[in-house]
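Residue numbers (my numbering): 278 to 346.
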């Protein structure tokens with residue numbers, strides 16, 4: 278399963294911290310954020326993760342997070 282999200286993460290340090298938070302909740306997943314993309318794409322790859330949980334965690338951390346179609 279692969280899901281991509283639009284975010285407003287701007288700084289490398291923010292991306293690093295957010296990825297660490299997500300990996301704590303989804304340790305078996307590959308998680309990246311492309312800060313060079315205009316949508317600041319968060320990409321999550323792996324089995325059995327809840328899209329809604331990822332959106333909530335990112336928003337709880339203070340960022341915008343929307344599923345990209």
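From the three backbone atoms N, C-alpha and C, an ideal C-beta is built for every residue, glycine too. It should be emphasised that the depicted structure is a prediction, and the values quoted were computed from it without experimental measurement.
Under DSSP, the beta-bridge partners assigned to residue 282 are 319, 344. Rounded to whole angstroms, residue 284 and residue 343 show a C-alpha spacing of 7 Å. In the DSSP assignment, residue 307 falls outside any alpha helix (DSSP H) and within the unbroken beta strand (DSSP E) covering 307-311. Pairing residue 294 with residue 317, the inter-Cα distance amounts to about 15 Å. Excluding sequence positions up to five before and after residue 319, its CB lies within less than 6 Å of the CB of 282, 284, 310, all in the same chain and listed in chain order.
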